[in-house]
Amino acid sequence: MVGTDDVVHVWHRAGNPMPEQRLGLYAKALTADHPVGAYHALDDDQEDRAILALYRVDRPRATFADLHQAPPLALSSYYQMLHDLAREGLGPLELR
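Going by our numbering, the first residue of the sequence shown is number 323, and it counts up by one from there.
Right, dumping it as structure tokens:
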């Protein structure tokens with residue numbers, strides 16, 4: 323498993339301009355329910371849960387319905403964060 327500090331470093335290496343403290347919030351949110359380890363393809367449900375974990379950093383009360391009603395552009399940064407992990411061979415694993 324990969325820790326939150328490692329996730330933050332991956333995002334910084336990928337060029338994410340957010341401060342480390344902010345990226346740390348995203349990393350903690352993602353790893354709270356999804357340990358991060360070796361990349362594997364996510365099914366739609368797994369991807370939705372991972373995106374929702376990231377989305378809730380900005381919108382703590384968000385639900386799956388909110389996520390599905392959000393415009394794709396509003397979610398693009400969250401998808402990019404998952405993509406940046408995947409480029410490094412990492413990704414969220416099954417829910418604990």
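In this text, a Cβ means the ideal position worked out from N, Cα and C, and glycines have one as well.
Q | Supposed close pair L376, Y348 - CB separation, criterion 8 Å | A | 6 Å
Q.
For W333, which residues in the same chain have their Cβ closer than 7 Å to its Cβ, ignoring the five residues on either side in sequence?
A. L345, M403, D406
Q | Top-ranked residue by Cα proximity to P350, from N338, L364, R335, V330 | A | Residue 350 is actually Lys in this sequence, not Pro. Ranking N338, L364, R335, V330 by Cα distance to K350 puts V330 first.
Q: Return helix, strand or coil for R418, following the three-state DSSP convention.
A: The predicted model places R418 with a pLDDT of 47, which falls under 50 and marks its position as unreliable; any figure quoted below should be read in that light. Coil at R418, not helix or strand.
Q) When the Cα atoms are used, what is the spatial distance from H356 to Q391? A) 23 Å
Q. What separation, rounded to the nearest whole angstrom, lies between the Cα atoms of M323 and A354?
A. 12 Å
Q. When the distance is taken between beta carbons, is Y361 closer than 8 Å to G325?
A. no
**Q.** Reference V358, options P393, S398, D327, R378, closest by Cα
**A.** D327
Q | E369 to A384 span [Cα, whole Å] | A | 16 Å
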